[in-house]
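Asks: Chains A and B, in that order, give the protein sequences.
Using this note's numbering, read the first sequence as starting at 4 and increasing by one per residue.
Using this note's numbering, read the second sequence as starting at 1269 and increasing by one per residue.
We put the CB at the ideal spot given by N, CA and C, even for glycine.
No experiment lies behind these values; they were computed from the predicted model shown.
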Amino acid sequence: MVFRCRQKKGKVCGAPGAAYLFFITLSLFAAVATADAGAAEEVRSLSRERTWQVLMHYRQQGDRFTSLIDDPKFFLAPQGKTDPQAELNASLEALLLPVEIDDEHFRCRFPARAEWLISVYNLNDLALPQPHCGKLNETLTSVDPRSVVLVFPAAHNNGPASMFGHTLLRVGSSYKSPLLSAAVNYAANDTDSNGLLYAFKGIFGFYPGYFALLPYYEKLNDYSGVEHRDIWEYTLNLSPEESRRLMLHTWELQSISSDYYFFDENCSFMLLFLLEAARPELRLAQEYWERRSFWVIPVDTIASIRRAGLITDVTYRPAQATRIRHRASLLNEQGRQRAFAVAMQQEPAHVPTLPQNSREEERQILDLAAEYVQYRYSRQELPAEEFRPQFLSILKVRSQLGPGEVDVEQIPTPEQPEAGHEAGRISFGGGNEGHGPFLELSWRPAYHDLLDPDEGYTQGAQINFFALKTRYRLDEEDFRLQSFRPVDILSLAPRDLFFQPISWKVNFGIERLRLADESEPLAFTLNTGGGLAWELPAKTLGYLMVEGQVNATDRLRENVEIGGGVSIGAISRLHPRWKAHLAASVLTYLPERHSHYRLLFDQNFKVTRLSGITIRTNWEERYHQSQLGATAAYNWYF
Amino acid sequence: MKKLLVTTCLTVVAVAMASTSFAASYGAAGCGLGSVLFKDQPGPIQVVAATTNGISGNQTFGITSGTLNCGAPLYASNNQINNFVAENMDTLARDIAQGQGATLTAFAELLQIPAAEQGEFANKLQANFDKVFTSDQVVMADVIDNTVSVIN
Chain A
4 MVFRCRQKKG KVCGAPGAAY LFFITLSLFA AVATADAGAA EEVRSLSRER
54 TWQVLMHYRQ QGDRFTSLID DPKFFLAPQG KTDPQAELNA SLEALLLPVE
104 IDDEHFRCRF PARAEWLISV YNLNDLALPQ PHCGKLNETL TSVDPRSVVL
154 VFPAAHNNGP ASMFGHTLLR VGSSYKSPLL SAAVNYAAND TDSNGLLYAF
204 KGIFGFYPGY FALLPYYEKL NDYSGVEHRD IWEYTLNLSP EESRRLMLHT
254 WELQSISSDY YFFDENCSFM LLFLLEAARP ELRLAQEYWE RRSFWVIPVD
304 TIASIRRAGL ITDVTYRPAQ ATRIRHRASL LNEQGRQRAF AVAMQQEPAH
354 VPTLPQNSRE EERQILDLAA EYVQYRYSRQ ELPAEEFRPQ FLSILKVRSQ
404 LGPGEVDVEQ IPTPEQPEAG HEAGRISFGG GNEGHGPFLE LSWRPAYHDL
454 LDPDEGYTQG AQINFFALKT RYRLDEEDFR LQSFRPVDIL SLAPRDLFFQ
504 PISWKVNFGI ERLRLADESE PLAFTLNTGG GLAWELPAKT LGYLMVEGQV
554 NATDRLRENV EIGGGVSIGA ISRLHPRWKA HLAASVLTYL PERHSHYRLL
604 FDQNFKVTRL SGITIRTNWE ERYHQSQLGA TAAYNWYF
Chain B
1269 MKKLLVTTCL TVVAVAMAST SFAASYGAAG CGLGSVLFKD QPGPIQVVAA
1319 TTNGISGNQT FGITSGTLNC GAPLYASNNQ INNFVAENMD TLARDIAQGQ
1369 GATLTAFAEL LQIPAAEQGE FANKLQANFD KVFTSDQVVM ADVIDNTVSV
1419 IN
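Structural data, given as structure tokens:
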């Protein structure tokens, strides 16, 4: 290693017009010339230093180091991905290379590494090559990094898959307005529109992930105005100097790709490295490596960042759909109807004779109408040619009414996402069913059940991955798998005057199927449905769904049966700690014609943030044989 | 009411974030250049629109994010204002009509309106909404120029 360095040293010194380099190089490698072993030891120990490890994204496992970055462009030494020492030597050489193309010099391309090397070797900056880093300086000037905010777009209402979430950083400048800051976003560079292919490639790392720098308002418009996701902003206590270092490291990662894995090496995990680069004492990624967790859930990283003492403040930025709902809630039914009619061009925005005392109401009506028109346009329910004149005509009338008296922007802040239960859940309990008493042990690595407490989650949304349920039957002393559902998603999105979403569900896996002979073999099952949901009084969500189910097992006469039917239910938050779900369904199966009637009443009591009790009761009839069942279980969230 | 042209100064300030090779590659596509010249001094705000130099500035309502692709100089003052208005035109119009909002506040800050005068700025724009948004085909450059003439 050292030998290679000395070889290169000759090359550096021999470069024309770099006389000043001679001294610095000489001094730097003097030790190398006199005591190879000592110098090698110094490089070795420096290459193990925290900052170097962080800047190169090394993960140490025993004596082995592997960088998480997959792009060879990120490394100067051929074996840099696995050899911190070789990479440090190569970087040192590159630092001393004479300038050929300004912006491509090591100091311009890897400024955080360069700064660190200069400081640990105590080099005289002025004696080093001085490239003019035009592009880097322009970026630093324009971004003007002063502060860093962690941004978390919450799930959108009817897309439980988005519950998994995303995080990005907002780099604040000397502007006061958050809209004028820059966003640092890590995302997979995907081009596939095929959902399954997208999921497959995402899970197995076939997409290159890139960091991107863009105006924050662009991300805000995407999330708030197009995807209708509320946004949480966590102000971090990074100093301006730390924020600058974060930008420098972000710069080093520009156009550097890493294989993007949805579950672990995802946006949220990669951002942890930027924060570590800003403050190398932080050990944020380590936690995820140590616990060997299957995935990194964005909201978990918020909790880690909070535990590291970085979060000082939280701001809630409601999405447009949330603002529309809030504005509608401030008006009476008549006002809402008029706002809707104005937005839909059924009534003119202008009222010729408006009594003075109804001006404020009219302002709120027009504000709501304008937002709703904008919403419809973002949903592509309105073509641009219709949107423009309609939007402008409402605004024109609105502007003549002067400033509003009520600050409708003051939307009540919901519970913060990380205030909710942890995503993993393990339950232990017991119950009784047709076959007699049993003990039940269930496990679910992620994410949120319809009955789990809603704080921090979307009400009416359920997304469970890899939910496993086992039972031990006491009388038969038989331990067995009861069900395993890799995917179980339910989205109940309430409809009102302004929003008419379709509620839906899909789940599949294996579960016990009670047959005519009262045996209960395991069967492959797939269930899906679509329907409507409404907000009812007393914090209740009612729904009606049409659903279909496919069951497959060799114990069925034709190996497979297909059923169709309806379900109706209501889920209610009776008390902040008490949720109840009442539902009924009937499905008729073919080819062996029979019906499956089901009635269930499930309740969940929240004990602490990380524990609760679930009580389930159900009655069902299948092949004209009915059965009652009840289970009680204690839940721990982890 | 001294109107001061500070073109040269602006050019110096306009250290653009020249199309960085960050992954979200922005092509150098039509960004307006509504040129705004201003000088802070006590009393009424002095903002003068010199000209919009006609090359582009043609973004109108209904720009959804990502379609504009204004990338090259991302954060230079002039282009920053242009891009901001172009990409946030709908919400800016709504905020102006309502007389308040985050987008209007950011716009005021970009125009270097002192915090104490932002209320007056908002009121003026609201009262003159149809002078700023003259038609549903109004383009970004006009919005900036109209704003500047309304508040002077």
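(1) With 8 Å as the limit, tell me which residues of the segment 233–246 of chain A have their beta carbon closer than that to any beta carbon of chain B; keep them in chain order.
(2) Exposed or buried, which one is residue 384 of chain A when buried takes at least 16 other CB atoms within 10 Å?
(3) For residue 528 of chain A, list the residues DSSP reports as bridge partners.
(4) Would you say residue 1415 of chain B reaches chain A, if we count a Cβ-Cβ gap shorter than 8 Å as a contact?
(5) List the endpoints of the continuous beta strand (DSSP E) containing residue 621 of chain A.
(6) Quick one: using the 10 Å Cβ neighbour count with 16 as the cut-off for buried, is residue 631 of chain A buried or exposed?
(7) Note down, in chain order, all residues in the segment 1367–1379 of chain B with a beta-carbon under 9 Å from any beta-carbon belonging to chain A.
(8) By the three-class DSSP mapping on this structure, what secondary structure does residue 392 of chain A have?
(9) According to DSSP, is residue 582 of chain A helix, strand or coil?
(10) Counting C-beta neighbours from all protein chains within 10 Å, is the total for residue 560 of chain A 16 or more, i.e. buried, or is it exposed?
(11) Are there 16 or more other CB atoms within 10 angstroms of the CB of residue 629 of chain A, so buried, or fewer, so exposed?
(12) Taking CB distances under 8 Å as the criterion, tell me whether residue 1361 of chain B reaches chain A.
(13) Flag this pair as yes or no: are the beta carbons of residue 591 of chain A and residue 552 of chain A separated by less than 8 Å?
(14) Look at the alpha carbon of residue 496 of chain A and the alpha carbon of residue 1417 of chain B, and state the distance between them as a whole number of angstroms.
(15) By the criterion of Cβ-Cβ separation under 9 Å, what are the contact partners of residue 75 of chain A in chain B?
(16) Using 8 Å as the threshold, is the C-beta distance between residue 226 of chain A and residue 1355 of chain B below it?
(17) Among the residues of its own chain, which have a CB less than 6 Å from the CB of residue 97 of chain A, if the five just before and after it don't count?
(18) Which residues does DSSP list as the beta-bridge partners of residue 142 of chain A?
(19) Give every residue of the same chain whose Cβ lies closer than 6 Å to the Cβ of residue 273 of chain A, excluding the five residues on either side of it in the sequence, and list them in chain order.
(20) Assign residue 1289 of chain B to one of two classes, buried (16 or more other C-beta atoms within 10 Å of its C-beta) or exposed (fewer than that).
(21) Let me confirm a value: residue 90 of chain A is counted as buried when at least 16 other C-beta atoms fall within 10 Å, else exposed. Which label applies?
(22) List the residues of chain B whose Cβ lies closer than 9 Å to the Cβ of residue 175 of chain A, in chain order.
(23) Is the beta carbon of residue 1367 of chain B less than 8 Å from the beta carbon of residue 338 of chain A?
(24) In three-state terms, what does DSSP make of residue 638 of chain A?
(25) Do we get a CB-CB distance below 8 Å when we pair residue 1304 of chain B with the residues of chain A?
(26) Sort A/562, A/118, A/467, A/443 by Cα distance to residue 449 of chain A and report the nearest one.
(27) Against chain A, with Cβ distances strictly below 8 Å, would residue 1346 of chain B count as a contact?
(28) Restricting to Cα atoms, I'd like to know which of A/292, A/425, A/531, A/319 is closest to residue 418 of chain A.
(29) With DSSP run on the structure shown, which of helix, strand or coil describes residue 222 of chain A?
(30) Does the distance from the C-beta atom of residue 494 of chain A to that of residue 512 of chain A stay below 8 Å?
(31) Contact check, residue 542 of chain A vs residue 588 of chain A under 8 Å by CB: the rounded distance?
(32) Helix, strand or coil for residue 1406 of chain B? Go by DSSP, reduced to three states.
(33) Please report how far the alpha carbon of residue 248 of chain A lies from the alpha carbon of residue 280 of chain A, in whole angstroms.
(34) If we ignore side chains and look at the alpha-carbon of each, how far apart do residue 1287 of chain B and residue 224 of chain A end up?
(35) What are the complete alpha helix (DSSP H) segments, minimum 4 residues, inside the segment 74–150 of chain A?
(36) Less than 8 Å between CB atoms is the rule here; does residue 333 of chain A satisfy it with respect to chain B?
Replies: Based on what the coordinates show:
(1) Those would be none; no residue qualifies.
(2) Looking at its Cβ environment, which holds fewer than 16 other Cβ atoms inside 10 Å, residue 384 of chain A is exposed.
(3) Looking at the DSSP assignment, residue 528 of chain A forms a beta bridge with A/512, A/554.
(4) No - not a single Cβ of chain A is within 8 Å of the one on residue 1415 of chain B.
(5) That run of the beta strand (DSSP E) goes 614–625.
(6) For residue 631 of chain A, the number of other beta carbons within 10 angstroms of its own is below 16, and it is reported as exposed.
(7) For the segment 1367–1379 of chain B, which is checked against every Cβ of chain A, the residues closer than 9 Å are 1367, 1368, 1369, 1370, 1371, 1373, 1374, 1375, 1376, 1377, 1378.
(8) In the structure shown, residue 392 of chain A falls within a helical segment according to DSSP collapsed to helix, strand and coil.
(9) In the structure shown, the three-state DSSP call for residue 582 of chain A is strand.
(10) The residue is exposed, with fewer than 16 neighbouring Cβ atoms inside 10 Å.
(11) Counting Cβ neighbours within 10 Å, residue 629 of chain A comes out exposed, since fewer than 16 surround it.
(12) Yes, residue 1361 of chain B counts as interfacial toward chain A.
(13) It is not a contact, given that the beta carbons lie outside the stated cut-off.
(14) Between the alpha carbons of residue 496 of chain A and residue 1417 of chain B lies a distance of about 47 Å.
(15) Residues of chain B passing the Cβ test: none, with the nearest at roughly 17 Å.
(16) Cβ atoms of residue 226 of chain A and residue 1355 of chain B: not closer than 8 Å.
(17) Sequence-distant Cβ neighbours of residue 97 of chain A in its own chain, meaning closer than 6 Å and more than five residues away, are 79, 109.
(18) Per the DSSP secondary-structure output, residue 142 of chain A pairs with nothing in a beta bridge.
(19) 189.
(20) With a pLDDT of 31 at residue 1289 of chain B, under the threshold of 50, the modelled position of that residue is not reliable, and the figure given next carries that caveat. Residue environment: residue 1289 of chain B is assigned as exposed (fewer than 16 neighbouring CB atoms within 10 Å of its CB, all protein chains considered).
(21) Buried, because 16 or more other Cβ atoms sit within 10 Å of the Cβ of residue 90 of chain A.
(22) In chain B, no part has a C-beta under 9 Å from the C-beta of residue 175 of chain A; the shortest such distance is about 13 Å.
(23) No, these two residues do not count as a Cβ contact at 8 Å.
(24) Three-state result, residue 638 of chain A: strand.
(25) Because the pLDDT of residue 1304 of chain B is 26, which lies under 50, any placement of that residue in the model is unreliable, and the number read from its coordinates should be weighed accordingly. The Cβ of residue 1304 of chain B sits no closer than 8 Å to any Cβ of chain A.
(26) The residue among A/562, A/118, A/467, A/443 with its C-alpha nearest the C-alpha of residue 449 of chain A is A/467.
(27) Residue 1346 of chain B does not count as touching chain A.
(28) The residue with the shortest Cα to Cα distance from residue 418 of chain A is A/319.
(29) For residue 222 of chain A, the three-state secondary structure derived from DSSP is helix.
(30) Not a contact, by the Cβ cut-off of 8 Å.
(31) Their Cβ separation, rounded to whole angstroms, is 23 Å, which puts residue 542 of chain A and residue 588 of chain A out of contact at 8 Å.
(32) For residue 1406 of chain B, the secondary structure class from DSSP, reduced to helix, strand or coil, is coil.
(33) Each residue's Cα considered, the two are about 7 Å apart.
(34) Caution applies to residue 1287 of chain B, whose pLDDT of 29 falls short of 50 and renders its modelled position unreliable; the value that the coordinates give is listed next. The C-alpha of residue 1287 of chain B lies about 21 Å from the C-alpha of residue 224 of chain A.
(35) As far as the segment 74–150 of chain A is concerned, its whole alpha helix (DSSP H) runs of at least 4 residues are 87–99, 109–112, 114–123, 137–146.
(36) Residue contact check for residue 333 of chain A against chain B: no CB pair falls below 8 Å.
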